[in-house]
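Using this note's numbering, read the sequence shown as starting at 3 and increasing by one per residue.
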Amino acid sequence: MNNVLARFYRIMLLIFGVGSVSLIWTMTMFFDCFISSDDSEITFFCKDNVVVNLIVLVVFIGILLILKKKSVIDRFVEKLNDDDFYKRLLVIMLRVITIIGVAWVLITQYVPGSDQLDVLSSAYKYGVRDTSFVKADGYLDRWPHNIGIATVERVLAIIVGDYNIVFMQLLNVLGITLIYKKIVETWDKFGGSRFSQVCTLACGIIFYPLIMYASFVYGNIWHVTLALIAFDAEVDYFESKKWIYIVRCAVAIGFAYMVKSSAVIFLVALAIFAIVKGAIDKTKIYKILVLMVAMCLSIGVFAVLPKNVLSKKMGIELRESTGIWALIAMGLQEDGSTAGWYNGYPLLVYYAYDCDGPASEKAAKEGTIERIHYLFGDKHNAYEFFSRKIASTWIEPTYQSYWINQVRNHRVNFPKWLDAFMSVKGYAVATKIFNFFQIIIFTGTILWLIFEDKKAFVFKSFLLLSFVGGFTFLLFWETKSQYTITYFILLFPYAMNGFELLMDKGLGVVSAANKPVAIYAMLIVMVYMAGYVLDASNCLGLHNETYNTYIETFQIPYTGESVRDINIIKGEREDYKNSAENYYKLLQENGLMP
3 MNNVLARFYR
13 IMLLIFGVGS
23 VSLIWTMTMF
33 FDCFISSDDS
43 EITFFCKDNV
53 VVNLIVLVVF
63 IGILLILKKK
73 SVIDRFVEKL
83 NDDDFYKRLL
93 VIMLRVITII
103 GVAWVLITQY
113 VPGSDQLDVL
123 SSAYKYGVRD
133 TSFVKADGYL
143 DRWPHNIGIA
153 TVERVLAIIV
163 GDYNIVFMQL
173 LNVLGITLIY
183 KKIVETWDKF
193 GGSRFSQVCT
203 LACGIIFYPL
213 IMYASFVYGN
223 IWHVTLALIA
233 FDAEVDYFES
243 KKWIYIVRCA
253 VAIGFAYMVK
263 SSAVIFLVAL
273 AIFAIVKGAI
283 DKTKIYKILV
293 LMVAMCLSIG
303 VFAVLPKNVL
313 SKKMGIELRE
323 STGIWALIAM
333 GLQEDGSTAG
343 WYNGYPLLVY
353 YAYDCDGPAS
363 EKAAKEGTIE
373 RIHYLFGDKH
383 NAYEFFSRKI
393 ASTWIEPTYQ
403 SYWINQVRNH
413 RVNFPKWLDA
423 FMSVKGYAVA
433 TKIFNFFQII
443 IFTGTILWLI
453 FEDKKAFVFK
463 SFLLLSFVGG
473 FTFLLFWETK
483 SQYTITYFIL
493 LFPYAMNGFE
503 LLMDKGLGVV
513 SAANKPVAIY
523 AMLIVMVYMA
533 GYVLDASNCL
543 GLHNETYNTY
553 IETFQIPYTG
563 ESVRDINIIK
573 GEREDYKNSA
583 ENYYKLLQEN
593 GLMP
């Protein structure tokens with residue numbers, strides 16, 4: 003029975019994992035997505051040169067095979083067998099990631115806006131007992147899922163002060179470092195090679211878009227950090243059966259949910275993995291149930307407690323507010339910047355029903371059902387819609403790490419090199435480079451899915467399971483490519499191990515391959531591209547000329563907000579004040595004002 007469950011789990015994860023990764027790989031090979039460098043957040047869908055992409059991929063694999071043949075990689079792997087060298091190298095690489103992150107924060111000092119600023123403002127109002135943010139039309143009445151992160155920022159403000167942006171961004175750097183640390187630690191626990199661990203951290207250093215993401219003061223980074231801490235504790239629980247690890251796991255996943263409610267994706271992954279791992283280890287059922295109940299109870303506590311504390315502190319009863327349906331409805335619409343992206347629908351329906359949460363929720367649910375019927379009643383529209391949604395979400399190679407900073411002010415007058423780096427042309431160059439990086443990661447992941455041992459697959463599968471959860475969730479939820487950057491990096495160890503397995507198989511690569519998986523991956527590629535050609539919509543290749551013109555003509559507006567800029571603004575305000583006072587005196591002297 004246990005083997006049947008493990009086999010069923012493996013087959014289902016292969017179906018969804020190979021399906022999602024192969025689909026994204028196909029889009030990445032044939033198309034590019036670029037984000038406008040302005041507030042419109044428009045996605046440009048462009049054709050890519052598949053021949054060039056294939057050449058780059060073949061050259062990369064060729065270099066690896068040459069290094070393998072000349073024993074360069076083997077000698078490095080042998081050095082990694084030295085525990086001291088291996089541990090020292092991991093520490094150095096994690097420190098490099100941290101140093102780059104700290105340097106980015108201190109050099110740029112970007113100022114948050116939009117939801118980031120609204121949450122910070124809510125935390126401030128929380129502290130001064132201003133109840134406007136929880137009343138009708140208040141920010142947390144409109145977006146109640148952010149009560150948790152606002153509470154966390156309120157607690158931090160008690161220690162470091164309100165609007166301490168640099169502290170929050172440095173905290174994100176710590177979160178990023180811990181994500182990579184936990185990825186390699188859990189990979190090591192399940193027998194992942196030291197070579198793939200080191201290469202994973204090398205990817206972390208190369209993939210600087212995530213480090214740029216430290217500027218984004220929200221829960222996107224830390225909910226993943228805490229979820230991986232929870233998984234680490236879950237693994238330790240199954241190894242030791244000590245109850246303390248249940249507590250650690252439950253608290254970590256509960257806190258992750260408090261920081262960002264989409265941590266529920268990781269909760270589901272933790273629960274599924276616990277069932278499968280427990281079955282393989284022949285763990286008593288009650289021990290698995292205790293872990294799962296503890297995680298669910300923790301989520302409940304961390305969901306309810308911040309609301310109760312907020313209500314008590316503000317001295318008012320929180321209103322029954324909006325739920326998830328408006329966000330799902332928005333995720334199935336395409337009248338925003340692109341398919342399934344933010345278009346203001348939740349606020350539209352909220353205000354249409356006079357800030358009545360339950361009424362707007364009911365209307366949004368009805369709108370969702372209507373939209374589903376429309377999409378699945380027309381294959382052409384459904385194909386185009388989900389093609390644009392998946393592509394805009396997953397194949398923009400910087401995952402909006404440039405955009406989230408390009409549209410924000412910064413406290414430093416940038417040096418020329420940084421202005422060039424953050425310019426539209428700088429972004430376009432980075433996108434081209436990381437498109438190749440993206441192709442390598444998705445290719446390596448497919449190789450891992452094809453070559454990995456069946457038993458090792460199950461034990462190493464948690465990160466892939468979480469990735470599949472994120473992919474599935476964002477098919478229907480409101481989406482942006484910035485939401486997926488933390489799922490993308492979960493594939494790093496699989497990709498690195500995939501290329502390692504390819505090198506190790508050598509001439510026996512064909513016989514070692516899981517042929518059904520390889521055939522399934524190829525079918526995904528062929529079926530999608532056949533559908534794309536037959537549909538004749540060209541929905542992912544319309545904007546090459548438009549984007550080239552955009553690059554040449556658009557100039558990012560001045561977004562400096564340094565001490566000098568602030569003093570100029572203050573001086574102008576003082577001049578306006580003095581002018582107003584002088585005009586008022588003149589009016590009084592001429593008897594025109596009392």
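Don't be surprised by glycine CBs; every beta carbon is placed ideally from N, CA and C.
Here the structure is a predicted model, which means the values were calculated and not measured.
Assignment of aspartate 34 by DSSP, reduced to helix, strand and coil, places it in the strand class.
Burial is judged here by how many other beta carbons sit within 10 angstroms of a residue's own beta carbon; glycine 533 has fewer than 16 and is exposed. Contact between glycine 221 and isoleucine 178 is absent: CB atoms are separated by about 14 Å, not below the 8 Å threshold. Per DSSP, the unbroken alpha helix (DSSP H) holding lysine 456 starts and ends at 456 to 461. Ranked by Cα distance from tryptophan 450, the options Lys286, Phe62 and Met498 are led by Met498. Around the beta-carbon of lysine 279, 16 or more other beta-carbon atoms lie within 10 Å, marking it buried. A direct Cα-to-Cα measurement between aspartate 506 and glutamate 80 gives close to 14 Å. Looking only at Lys262, Thr188 and Val303, the smallest Cα-Cα distance to tyrosine 496 is reached by Thr188. When DSSP states are grouped into helix, strand and coil, lysine 482 belongs to the coil group. Scanning Ala235, Ile255 and Gly256 for the CA closest to the CA of tyrosine 247 turns up Ala235. Counted as a single uninterrupted DSSP element, the beta strand (DSSP E) harbouring phenylalanine 47 occupies residues 45 to 49. Comparing alpha carbon positions, the residue from Glu554, Val20, Phe10 and Thr481 closest to lysine 517 is Val20.
Pairwise C-beta distances place the region 523 to 532 out of contact with the region 459 to 473, as fewer than three of them are shorter than 8 Å. The continuous alpha helix (DSSP H) containing aspartate 143 extends over residues 141 to 144. Taken through DSSP and simplified to helix, strand or coil, glycine 562 comes out as strand. Assigned with DSSP and collapsed to three states, tyrosine 385 falls in helix. Taking the Cα positions, threonine 110 is about 52 Å away from asparagine 592. Nearest to tyrosine 489 by C-alpha distance, out of Phe240, Met316 and Ile443, is Ile443.
Here leucine 503 really is in contact with glutamate 454; their C-beta atoms are around 7 Å apart, less than 8 Å. When DSSP reads this structure, tyrosine 347 sits in no beta bridge, so it has no partner. Pairing isoleucine 290 with alanine 276, the inter-Cα distance amounts to about 7 Å.
The criterion of a C-beta distance shorter than 8 Å is satisfied by phenylalanine 257 and phenylalanine 304. When DSSP states are grouped into helix, strand and coil, tyrosine 112 belongs to the strand group. Residue burial is scored here from C-beta neighbours: aspartate 380 has fewer than 16 other C-beta atoms within 10 angstroms and is therefore classed as exposed. DSSP places histidine 412 in the strand class (E or B) of the three-state scheme. In the same chain as tryptophan 479, and ignoring 5 residues on each side of it, the C-beta atoms closer than 7 Å to its own belong to Leu329, Ile330 and Gly333, in chain order.
The criterion of a C-beta distance shorter than 8 Å is satisfied by leucine 66 and phenylalanine 501.
In the three-state scheme derived from DSSP, where H, G and I count as helix and E and B as strand, phenylalanine 218 is classed as coil.
When Tyr485, Lys243 and Asp139 are compared, the shortest CA-CA separation from leucine 320 is found for Asp139.
For serine 263, the three-state secondary structure derived from DSSP is helix. Closest in alpha carbon position to valine 200, among Ile99, Ser263, Asn166 and Asp238, is Ile99.
Sequence-distant partners of glycine 562 (beyond 5 residues in either direction) whose C-beta falls short of 6 Å from its own C-beta, in its chain, are Asn415.
For the 8 Å CB-CB criterion, phenylalanine 47 and leucine 544 form a contact. In the DSSP assignment, leucine 542 falls outside any alpha helix (DSSP H), carrying neither H nor E.
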